[in-house]
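Engineer: Below are the C-alpha coordinates for one structure; questions will follow.
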(Lines of atoms letter the chains of each structure in order from A; the text may use other names.)
(Lines give C-alpha, C1' and ligand atoms only; values in the text may rest on other atoms or scores of the structure.)
Protein backbone atom coordinates (compact mmCIF):
# COMPACT_ATOMS: atom_id res chain seq x y z
CA UNK A 1 0.00 0.00 0.00
CA UNK A 2 2.96 2.27 0.66
CA UNK A 3 3.96 2.01 -3.00
CA UNK A 4 0.48 3.09 -4.05
CA UNK A 5 0.76 6.26 -1.99
CA UNK A 6 4.22 7.37 -3.08
CA UNK A 7 4.44 10.26 -5.51
CA UNK A 8 7.85 9.18 -6.77
CA UNK A 9 8.16 5.51 -7.85
CA UNK A 10 10.25 3.27 -5.62
CA UNK A 11 13.84 2.97 -6.97
CA UNK A 12 13.66 -0.84 -6.87
CA UNK A 13 11.52 -0.70 -10.02
CA UNK A 14 14.26 1.14 -11.92
CA UNK A 15 17.05 -1.15 -10.73
CA UNK A 16 15.16 -4.30 -11.74
CA UNK A 17 14.12 -2.86 -15.11
CA UNK A 18 17.60 -1.69 -16.06
CA UNK A 19 19.20 -4.92 -14.82
CA UNK A 20 17.00 -6.86 -17.24
CA UNK A 21 17.82 -4.43 -20.06
CA UNK A 22 21.55 -4.63 -19.31
CA UNK A 23 21.60 -8.43 -19.46
CA UNK A 24 19.51 -8.34 -22.64
CA UNK A 25 21.87 -5.84 -24.29
CA UNK A 26 24.87 -8.05 -23.54
CA UNK A 27 23.32 -11.41 -24.50
CA UNK A 28 20.91 -10.83 -27.41
CA UNK A 29 23.82 -10.22 -29.87
CA UNK A 30 24.82 -13.83 -29.23
CA UNK A 31 21.32 -15.12 -30.12
CA UNK A 32 20.37 -15.74 -26.50
CA UNK A 33 16.68 -16.32 -25.77
CA UNK A 34 17.41 -15.46 -22.13
CA UNK A 35 18.17 -11.86 -23.05
CA UNK A 36 14.93 -11.44 -24.97
CA UNK A 37 12.93 -13.02 -22.14
CA UNK A 38 14.54 -10.69 -19.59
CA UNK A 39 13.66 -7.75 -21.81
CA UNK A 40 10.02 -8.82 -21.60
CA UNK A 41 10.31 -9.25 -17.82
CA UNK A 42 11.69 -5.70 -17.60
CA UNK A 43 8.68 -4.47 -19.59
CA UNK A 44 6.26 -6.25 -17.23
CA UNK A 45 7.91 -4.53 -14.27
CA UNK A 46 7.69 -1.24 -16.16
CA UNK A 47 3.98 -1.79 -16.78
CA UNK A 48 3.40 -2.41 -13.06
CA UNK A 49 5.42 0.69 -12.14
CA UNK A 50 3.42 2.83 -14.56
CA UNK A 51 0.08 1.48 -13.29
CA UNK A 52 1.06 2.20 -9.68
CA UNK A 53 2.26 5.72 -10.51
CA UNK A 54 0.10 6.88 -13.40
CA UNK A 55 0.04 10.51 -12.35
CA UNK A 56 3.83 10.65 -12.06
CA UNK A 57 4.51 9.13 -15.47
CA UNK A 58 1.76 11.04 -17.27
CA UNK A 59 2.72 14.42 -15.79
CA UNK A 60 5.24 15.38 -18.47
CA UNK A 61 3.31 15.20 -21.74
CA UNK A 62 6.44 15.57 -23.88
CA UNK A 63 7.82 12.36 -22.39
CA UNK A 64 4.73 10.49 -23.57
CA UNK A 65 5.23 11.15 -27.28
CA UNK A 66 7.89 8.57 -28.25
CA UNK A 67 6.57 5.80 -25.94
CA UNK A 68 3.06 6.30 -27.36
CA UNK A 69 4.44 6.11 -30.91
CA UNK A 70 6.29 2.87 -30.12
CA UNK A 71 3.09 1.52 -28.59
CA UNK A 72 1.05 2.48 -31.67
CA UNK A 73 3.53 0.89 -34.10
CA UNK A 74 3.66 -2.30 -32.02
CA UNK A 75 -0.10 -2.54 -31.51
CA UNK A 76 -0.59 -1.82 -35.21
CA UNK A 77 1.41 -4.96 -36.03
CA UNK A 78 -0.53 -7.02 -33.47
CA UNK A 79 -3.94 -5.87 -34.76
CA UNK A 80 -2.87 -6.42 -38.37
CA UNK A 81 -1.73 -10.00 -37.85
CA UNK A 82 -4.70 -10.88 -35.62
CA UNK A 83 -6.96 -9.85 -38.50
CA UNK A 84 -5.03 -11.46 -41.36
CA UNK A 85 -2.90 -14.27 -39.89
CA UNK A 86 -3.42 -17.72 -41.38
CA UNK A 87 -1.28 -20.87 -41.77
CA UNK A 88 0.64 -21.37 -44.98
CA UNK A 89 3.82 -20.35 -46.77
CA UNK A 90 3.65 -16.81 -45.36
CA UNK A 91 3.42 -17.81 -41.69
CA UNK A 92 6.98 -16.62 -40.95
CA UNK A 93 5.97 -13.06 -41.88
CA UNK A 94 3.21 -13.13 -39.27
CA UNK A 95 5.49 -14.70 -36.67
CA UNK A 96 8.17 -12.07 -37.22
CA UNK A 97 5.75 -9.18 -36.84
CA UNK A 98 4.18 -10.79 -33.78
CA UNK A 99 7.60 -10.94 -32.13
CA UNK A 100 8.76 -7.45 -33.13
CA UNK A 101 5.36 -5.92 -32.35
CA UNK A 102 5.55 -7.25 -28.79
CA UNK A 103 9.10 -5.91 -28.46
CA UNK A 104 7.96 -2.44 -29.58
CA UNK A 105 5.14 -2.46 -27.01
CA UNK A 106 7.63 -3.57 -24.35
CA UNK A 107 9.94 -0.73 -25.39
CA UNK A 108 7.11 1.78 -24.96
CA UNK A 109 6.74 1.03 -21.24
CA UNK A 110 10.48 0.80 -20.50
CA UNK A 111 11.10 4.01 -22.42
CA UNK A 112 8.41 5.79 -20.40
CA UNK A 113 10.26 4.79 -17.23
CA UNK A 114 13.63 5.89 -18.65
CA UNK A 115 12.38 9.27 -19.89
CA UNK A 116 11.03 10.10 -16.42
CA UNK A 117 13.97 8.58 -14.53
CA UNK A 118 15.33 10.63 -11.62
CA UNK A 119 18.17 8.26 -10.77
CA UNK A 120 21.53 8.91 -12.43
CA UNK A 121 22.35 5.80 -14.46
CA UNK A 122 25.37 7.15 -16.34
CA UNK A 123 27.97 5.10 -14.48
CA UNK A 124 26.03 1.88 -15.05
CA UNK A 125 25.51 2.90 -18.69
CA UNK A 126 29.26 3.23 -19.23
CA UNK A 127 30.04 -0.16 -17.68
CA UNK A 128 27.37 -2.07 -19.62
CA UNK A 129 28.12 -0.28 -22.90
CA UNK A 130 31.84 -1.09 -22.68
CA UNK A 131 31.18 -4.70 -21.68
CA UNK A 132 28.77 -5.31 -24.56
CA UNK A 133 30.94 -3.47 -27.07
CA UNK A 134 34.15 -5.29 -26.16
CA UNK A 135 32.41 -8.70 -26.16
CA UNK A 136 30.66 -8.23 -29.52
CA UNK A 137 33.62 -6.67 -31.33
CA UNK A 138 36.06 -9.15 -29.81
CA UNK A 139 33.99 -12.13 -30.93
CA UNK A 140 33.44 -10.61 -34.38
CA UNK A 141 37.17 -10.04 -34.88
CA UNK A 142 37.82 -13.60 -33.71
CA UNK A 143 35.40 -14.93 -36.34
CA UNK A 144 36.80 -12.76 -39.11
CA UNK A 145 40.54 -12.86 -38.42
CA UNK A 146 41.13 -16.18 -36.65
CA UNK A 147 38.38 -18.40 -38.05
CA UNK A 148 38.61 -16.70 -41.48
CA UNK A 149 34.84 -16.59 -41.90
CA UNK A 150 34.08 -14.81 -45.17
CA UNK A 151 31.39 -12.56 -43.71
CA UNK A 152 31.09 -12.28 -39.93
CA UNK A 153 27.61 -13.30 -38.73
CA UNK A 154 28.23 -13.63 -34.95
CA UNK A 155 25.59 -16.29 -34.15
CA UNK A 156 23.05 -15.38 -36.83
CA UNK A 157 22.40 -16.70 -40.31
CA UNK A 158 22.76 -13.33 -42.04
CA UNK A 159 25.77 -11.02 -41.97
CA UNK A 160 23.54 -7.99 -42.55
CA UNK A 161 21.63 -8.62 -39.30
CA UNK A 162 24.96 -8.88 -37.47
CA UNK A 163 26.08 -5.58 -39.02
CA UNK A 164 22.93 -3.77 -37.87
CA UNK A 165 23.32 -5.07 -34.31
CA UNK A 166 27.01 -4.21 -34.25
CA UNK A 167 26.26 -0.68 -35.47
CA UNK A 168 23.83 0.05 -32.62
CA UNK A 169 26.11 -1.50 -29.99
CA UNK A 170 29.18 0.34 -31.29
CA UNK A 171 27.44 3.71 -31.26
CA UNK A 172 26.51 3.11 -27.62
CA UNK A 173 30.05 2.02 -26.77
CA UNK A 174 31.70 5.04 -28.43
CA UNK A 175 29.40 7.37 -26.51
CA UNK A 176 30.39 5.59 -23.30
CA UNK A 177 34.07 6.16 -24.13
CA UNK A 178 33.42 9.91 -24.47
CA UNK A 179 31.77 9.85 -21.04
CA UNK A 180 34.85 8.36 -19.34
CA UNK A 181 36.57 10.68 -16.87
CA UNK A 182 40.07 10.19 -18.18
CA UNK A 183 42.44 12.33 -20.17
CA UNK A 184 42.93 9.42 -22.58
CA UNK A 185 39.31 9.27 -23.74
CA UNK A 186 40.01 11.00 -27.10
CA UNK A 187 42.77 8.52 -28.07
CA UNK A 188 40.53 5.71 -26.78
CA UNK A 189 37.67 7.00 -28.94
CA UNK A 190 39.89 7.05 -32.03
CA UNK A 191 41.08 3.49 -31.35
CA UNK A 192 37.49 2.45 -30.64
CA UNK A 193 36.27 3.84 -33.96
CA UNK A 194 39.06 2.10 -35.87
CA UNK A 195 38.27 -1.26 -34.24
CA UNK A 196 34.49 -0.96 -34.57
CA UNK A 197 34.61 0.09 -38.22
CA UNK A 198 36.96 -2.80 -38.94
CA UNK A 199 34.43 -5.15 -37.36
CA UNK A 200 31.71 -3.85 -39.68
CA UNK A 201 34.00 -4.28 -42.69
CA UNK A 202 34.36 -7.95 -41.75
CA UNK A 203 30.57 -8.38 -42.02
CA UNK A 204 30.85 -7.38 -45.68
CA UNK A 205 27.73 -5.22 -45.39
CA UNK A 206 28.07 -2.25 -47.73
CA UNK A 207 25.32 -0.23 -46.06
CA UNK A 208 27.06 -0.51 -42.68
CA UNK A 209 30.39 0.65 -44.13
CA UNK A 210 28.67 3.79 -45.41
CA UNK A 211 26.17 4.50 -42.63
CA UNK A 212 28.33 3.92 -39.55
CA UNK A 213 30.96 6.66 -40.19
CA UNK A 214 28.20 9.18 -40.93
CA UNK A 215 26.29 8.20 -37.77
CA UNK A 216 29.48 8.58 -35.73
CA UNK A 217 30.15 11.97 -37.32
CA UNK A 218 26.63 13.16 -36.50
CA UNK A 219 27.01 11.97 -32.92
CA UNK A 220 30.30 13.84 -32.55
CA UNK A 221 28.85 17.06 -33.95
CA UNK A 222 25.77 16.79 -31.72
CA UNK A 223 27.74 16.01 -28.56
CA UNK A 224 27.43 18.82 -26.04
CA UNK A 225 29.50 19.49 -22.89
CA UNK A 226 31.41 16.18 -23.05
CA UNK A 227 34.13 17.38 -25.44
CA UNK A 228 35.53 20.75 -26.42
CA UNK A 229 35.16 22.35 -29.84
CA UNK A 230 38.84 21.62 -30.51
CA UNK A 231 38.36 17.93 -29.77
CA UNK A 232 35.27 17.83 -32.02
CA UNK A 233 37.34 19.14 -34.93
CA UNK A 234 40.09 16.64 -34.12
CA UNK A 235 37.68 13.70 -34.11
CA UNK A 236 35.80 14.78 -37.24
CA UNK A 237 39.02 15.27 -39.22
CA UNK A 238 40.41 11.96 -37.98
CA UNK A 239 37.43 9.94 -39.27
CA UNK A 240 38.49 10.03 -42.98
CA UNK A 241 42.06 9.12 -42.01
CA UNK A 242 40.84 6.22 -39.90
CA UNK A 243 38.60 5.04 -42.74
CA UNK A 244 41.63 5.12 -45.05
CA UNK A 245 43.74 3.18 -42.55
CA UNK A 246 41.03 0.57 -42.11
CA UNK A 247 40.57 0.39 -45.87
CA UNK A 248 44.26 -0.41 -46.34
CA UNK A 249 44.18 -3.14 -43.69
CA UNK A 250 41.01 -4.75 -45.06
CA UNK A 251 41.61 -3.88 -48.69
CA UNK A 252 40.68 -7.32 -50.05
CA UNK A 253 37.33 -7.47 -48.21
CA UNK A 254 36.34 -3.97 -49.33
CA UNK A 255 37.43 -4.59 -52.93
CA UNK A 256 35.36 -7.77 -52.98
CA UNK A 257 32.19 -5.90 -51.99
CA UNK A 258 32.93 -3.07 -54.46
CA UNK A 259 33.47 -5.60 -57.25
CA UNK A 260 30.17 -7.31 -56.41
CA UNK A 261 28.41 -3.94 -56.55
CA UNK A 262 30.01 -3.09 -59.91
CA UNK A 263 28.98 -6.48 -61.28
CA UNK A 264 25.39 -5.85 -60.20
CA UNK A 265 25.47 -2.48 -61.98
CA UNK A 266 26.78 -4.03 -65.21
CA UNK A 267 24.06 -6.69 -65.16
CA UNK A 268 21.24 -4.32 -64.23
CA UNK A 269 19.61 -4.77 -67.66
CA UNK A 270 19.47 -8.56 -67.23
CA UNK A 271 16.56 -9.18 -64.81
CA UNK A 272 16.89 -12.96 -65.08
CA UNK A 273 20.30 -12.79 -63.35
CA UNK A 274 20.52 -12.78 -59.53
CA UNK A 275 21.22 -9.15 -58.72
CA UNK A 276 20.80 -7.34 -55.39
CA UNK A 277 20.24 -3.96 -57.07
CA UNK A 278 17.56 -5.26 -59.45
CA UNK A 279 15.93 -7.22 -56.64
CA UNK A 280 15.69 -4.18 -54.37
CA UNK A 281 14.29 -1.96 -57.13
CA UNK A 282 11.77 -4.68 -58.02
CA UNK A 283 10.74 -5.08 -54.38
CA UNK A 284 10.20 -1.35 -53.91
CA UNK A 285 8.12 -1.10 -57.10
CA UNK A 286 6.09 -4.12 -55.98
CA UNK A 287 5.60 -2.67 -52.50
CA UNK A 288 4.32 0.65 -53.85
CA UNK A 289 1.97 -1.10 -56.29
CA UNK A 290 0.52 -3.57 -53.77
CA UNK A 291 0.21 -0.93 -51.07
CA UNK A 292 -1.71 1.34 -53.41
CA UNK A 293 -4.07 -1.53 -54.23
CA UNK A 294 -4.91 -1.97 -50.52
CA UNK A 295 -4.50 1.40 -48.75
CA UNK A 296 -6.10 0.08 -45.53
CA UNK A 297 -3.88 -2.99 -45.37
CA UNK A 298 -3.94 -6.56 -46.61
CA UNK A 299 -2.73 -10.06 -45.81
CA UNK A 300 0.69 -11.36 -46.81
CA UNK A 301 -1.14 -13.90 -48.99
CA UNK A 302 -3.03 -11.21 -50.88
CA UNK A 303 0.16 -9.22 -51.41
CA UNK A 304 1.88 -12.35 -52.68
CA UNK A 305 -0.85 -13.05 -55.22
CA UNK A 306 -0.76 -9.45 -56.45
CA UNK A 307 3.02 -9.61 -56.86
CA UNK A 308 2.79 -12.89 -58.81
CA UNK A 309 0.20 -11.37 -61.13
CA UNK A 310 2.32 -8.25 -61.58
CA UNK A 311 5.47 -10.25 -62.42
CA UNK A 312 3.47 -12.30 -64.92
CA UNK A 313 2.72 -9.11 -66.88
CA UNK A 314 6.06 -7.42 -66.13
CA UNK A 315 8.79 -10.12 -66.19
CA UNK A 316 11.55 -7.56 -65.59
CA UNK A 317 10.32 -7.39 -61.96
CA UNK A 318 11.08 -11.09 -61.38
CA UNK A 319 13.79 -10.12 -58.87
CA UNK A 320 11.08 -9.71 -56.24
CA UNK A 321 10.01 -13.38 -56.34
CA UNK A 322 12.65 -14.88 -53.97
CA UNK A 323 11.51 -12.43 -51.28
CA UNK A 324 7.76 -12.75 -51.73
CA UNK A 325 7.37 -14.62 -48.42
CA UNK A 326 9.93 -12.51 -46.53
CA UNK A 327 9.85 -8.71 -46.88
CA UNK A 328 10.33 -5.93 -49.42
CA UNK A 329 13.70 -4.62 -48.15
CA UNK A 330 12.43 -1.15 -47.32
CA UNK A 331 10.94 -0.48 -43.89
CA UNK A 332 8.44 2.18 -44.90
CA UNK A 333 7.35 0.55 -48.17
CA UNK A 334 7.12 -2.89 -46.55
CA UNK A 335 4.82 -1.43 -43.91
CA UNK A 336 2.78 0.38 -46.55
CA UNK A 337 2.38 -2.79 -48.64
CA UNK A 338 0.97 -4.81 -45.72
CA UNK A 339 -0.53 -2.39 -43.20
CA UNK A 340 -1.54 0.34 -45.58
CA UNK A 341 -1.44 4.10 -45.14
CA UNK A 342 -2.12 4.02 -41.39
CA UNK A 343 0.81 1.68 -40.73
CA UNK A 344 3.19 3.79 -42.81
CA UNK A 345 2.05 6.98 -41.05
CA UNK A 346 2.63 5.46 -37.60
CA UNK A 347 6.13 4.35 -38.62
CA UNK A 348 6.95 7.73 -40.17
CA UNK A 349 5.69 9.47 -37.02
CA UNK A 350 7.99 7.26 -34.94
CA UNK A 351 11.01 8.24 -37.04
CA UNK A 352 10.13 11.93 -36.77
CA UNK A 353 9.47 11.63 -33.03
CA UNK A 354 12.87 10.02 -32.45
CA UNK A 355 14.70 12.64 -34.53
CA UNK A 356 12.93 15.51 -32.74
CA UNK A 357 13.59 13.95 -29.33
CA UNK A 358 17.29 13.73 -30.15
CA UNK A 359 17.39 17.51 -30.62
CA UNK A 360 14.75 18.87 -28.22
CA UNK A 361 14.41 19.78 -25.41
CA UNK A 362 18.02 18.67 -24.82
CA UNK A 363 20.42 17.46 -27.46
CA UNK A 364 21.04 13.72 -27.30
CA UNK A 365 23.97 12.81 -29.54
CA UNK A 366 23.64 9.06 -29.10
CA UNK A 367 19.91 9.05 -29.86
CA UNK A 368 20.59 11.05 -33.03
CA UNK A 369 23.20 8.55 -34.24
CA UNK A 370 21.04 5.51 -33.42
CA UNK A 371 17.93 7.03 -35.03
CA UNK A 372 19.88 7.99 -38.15
CA UNK A 373 21.19 4.42 -38.47
CA UNK A 374 17.73 2.94 -37.89
CA UNK A 375 16.21 5.19 -40.56
CA UNK A 376 18.91 4.79 -43.23
CA UNK A 377 19.19 1.03 -42.78
CA UNK A 378 15.43 0.95 -43.22
CA UNK A 379 15.83 2.35 -46.73
CA UNK A 380 17.36 -0.92 -47.96
CA UNK A 381 16.19 -3.45 -45.36
CA UNK A 382 13.54 -4.03 -42.68
CA UNK A 383 14.99 -3.75 -39.17
CA UNK A 384 11.60 -4.25 -37.50
CA UNK A 385 11.27 -7.66 -39.19
CA UNK A 386 14.20 -9.09 -37.21
CA UNK A 387 13.58 -9.93 -33.56
CA UNK A 388 17.22 -9.41 -32.59
CA UNK A 389 17.58 -6.25 -34.69
CA UNK A 390 14.44 -4.73 -33.19
CA UNK A 391 15.48 -5.63 -29.64
CA UNK A 392 18.99 -4.19 -29.91
CA UNK A 393 17.91 -0.94 -31.57
CA UNK A 394 15.15 -0.51 -28.98
CA UNK A 395 17.67 -1.15 -26.20
CA UNK A 396 20.08 1.33 -27.79
CA UNK A 397 17.32 3.96 -27.81
CA UNK A 398 16.60 3.26 -24.12
CA UNK A 399 20.34 3.44 -23.39
CA UNK A 400 20.60 6.79 -25.19
CA UNK A 401 17.93 8.23 -22.90
CA UNK A 402 19.78 6.99 -19.81
CA UNK A 403 23.12 8.31 -21.11
CA UNK A 404 22.20 11.97 -20.67
CA UNK A 405 22.60 13.79 -17.39
CA UNK A 406 19.33 14.27 -15.52
CA UNK A 407 18.07 17.83 -15.12
CA UNK A 408 15.36 19.40 -13.06
CA UNK A 409 13.19 19.93 -16.13
CA UNK A 410 12.64 16.23 -16.49
CA UNK A 411 9.46 16.52 -14.52
CA UNK A 412 8.43 20.04 -15.38
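Residue numbers (the numbering used here): 1 to 412. The beta-carbon is built from N, C-alpha and C at its ideal position, and this holds for glycine as well.
1. Short check: CB of residue 210 to CB of residue 253, under 8 Å?
2. Report the residue ranges of all alpha helix (DSSP H) runs contained in full by the stretch 37 to 121; include only those spanning at least 4 residues, in chain order.
3. From the DSSP output, in three-state form, read off residue 230 for me.
4. What residue range is occupied by the uninterrupted alpha helix (DSSP H) comprising residue 192?
5. Between 367, 338, 311 and 373, which lies nearest to residue 296 when the distance is taken from Cα to Cα?
6. Check whether the stretch 276 to 293 and the stretch 316 to 328 are in contact - that is, three or more C-beta pairs closer than 8 Å.
7. Confirm, please, whether the CB-CB distance from residue 131 to residue 26 is below 8 Å.
8. Is residue 149 helix, strand or coil when you go by DSSP?
9. Please state if the CB of residue 239 and the CB of residue 366 are separated by a distance shorter than 8 Å.
10. Buried or exposed: which applies to residue 229, given that a residue is buried once 16 or more other Cβ atoms fall within 10 Å of its Cβ?
11. In chain order, what residues of the same chain lie with their CB nearer than 7 Å to the CB of residue 176, ignoring the 5 residues before and after it?
12. From residue 344 to residue 182, what does the alpha carbon distance come to, in whole angstroms?
13. Determine the direct distance from the alpha carbon of residue 54 to that of residue 1, and round the result to whole angstroms.
14. Quick check on this structure: which residue in 186, 200, 350 and 225 has the alpha carbon closest to the alpha carbon of residue 237?
15. Beta-carbon separation of residue 348 and residue 66 under 8 Å?
16. Is it true that the CB of residue 167 sits closer than 8 Å to the CB of residue 208?
17. Taking 8 Å as the limit between beta carbons, can you name the residues of its chain near residue 288, skipping five residues before and five after?
18. Would the beta-carbon of residue 398 fall within 8 Å of that of residue 114?
19. Do you know whose CA, among 62, 190, 75 and 257, lies nearest residue 234's CA?
20. Span of the alpha helix (DSSP H) holding residue 22?
21. Terminal residues of the continuous alpha helix (DSSP H) containing residue 213?
22. Might you give, ordered along the chain, the residues of its own chain that have their beta carbon closer than 6 Å to the beta carbon of residue 410, omitting 5 neighbours on each side?
23. Do residue 73 and residue 350 have their C-beta atoms within less than 8 Å of each other?
Structural biologist: In short:
1. As a working note, residue 210 is residue 210 in the chain shown. As a working note, residue 253 is residue 253 in the chain shown. No, the pair does not count as a contact, with Cβ atoms beyond the cut-off.
2. 54 to 57, 65 to 84 and 91 to 115
3. Reading the chain shown from its first residue, position 230 is the one you call residue 230. Residue state, collapsed to three classes: helix.
4. The residue given as residue 192 occupies position 192 in the chain shown. Here the alpha helix (DSSP H) through residue 192 covers 185 to 203.
5. By one-based count along the chain shown, residue 296 stands at place 296. Minimum Cα distance to residue 296 is reached at 338.
6. yes
7. Within the chain shown, the letter at position 26 stands for residue 26. Within the chain shown, the letter at position 131 stands for residue 131. Cβ atoms of residue 26 and residue 131: closer than 8 Å.
8. Translated into positions along the chain shown, residue 149 becomes position 149. Three-state result, residue 149: coil.
9. As a first step, residue 366 is located in the chain shown; it is residue number 366 there, counting from the start. As a first step, residue 239 is located in the chain shown; it is residue number 239 there, counting from the start. Not a contact, by the Cβ cut-off of 8 Å.
10. Position 229 of the chain shown, counted from the first residue, corresponds to residue 229. With fewer than 16 other Cβ atoms within 10 Å, it is exposed.
11. By 1-based counting over the chain shown, the position of residue 176 is 176. Taken in chain order, the residues that qualify are 125, 126, 129 and 130.
12. Against the chain shown, residue 344 aligns to sequence position 344. Against the chain shown, residue 182 aligns to sequence position 182. Rounded to the nearest angstrom, the two C-alpha atoms are 45 Å apart.
13. On the chain shown, residue 1 is found 1 positions in, with the first residue counted as 1. On the chain shown, residue 54 is found 54 positions in, with the first residue counted as 1. Its pLDDT being 44, under 50, residue 1 is placed unreliably by the model, and the measurement read from it follows with that caveat. Each residue's alpha carbon lies about 15 Å from the other.
14. Indexing the chain shown from 1 puts residue 237 at position 237. The option with the nearest alpha carbon to residue 237 is 186.
15. Here the question's residue 348 lines up with position 348 in the chain shown. Here the question's residue 66 lines up with position 66 in the chain shown. Their beta carbons are not under 8 Å apart, which means residue 348 does not touch residue 66 by this criterion.
16. Locating residue 208 in the chain shown gives position 208, counting from the first residue. Locating residue 167 in the chain shown gives position 167, counting from the first residue. Yes, these two residues count as a Cβ contact at 8 Å.
17. Residue numbering aside, residue 288 sits at position 288 when the chain shown is read from its first letter. Within the same chain, residue 288 has close Cβ partners 333, 336 and 337.
18. For this step, residue 398 is matched to residue 398 along the chain shown. For this step, residue 114 is matched to residue 114 along the chain shown. Against a cut-off of 8 Å, the Cβ pair of residue 114 and residue 398 comes out as a contact.
19. Numbered from its first residue, the chain shown carries residue 234 at position 234. Checked all of 62, 190, 75 and 257; the closest Cα to residue 234 is 190.
20. By one-based count along the chain shown, residue 22 stands at place 22. First-last of the alpha helix (DSSP H) with residue 22: 11 to 27.
21. Indexing the chain shown from 1 puts residue 213 at position 213. Unbroken alpha helix (DSSP H) run through residue 213: 206 to 222.
22. The sequence position of residue 410 within the chain shown is 410, counting from 1. With a pLDDT of only 42 at residue 410, under 50, the local geometry of the prediction cannot be trusted, and the value read off the model is given with reservation. Closer than 6 Å at the Cβ level, and outside the excluded window around residue 410, lies no residue.
23. Walking along the chain shown from the start, residue 73 turns up at place 73. Walking along the chain shown from the start, residue 350 turns up at place 350. Result yes, Cβ atoms of residue 73 and residue 350 sit closer than 8 Å.
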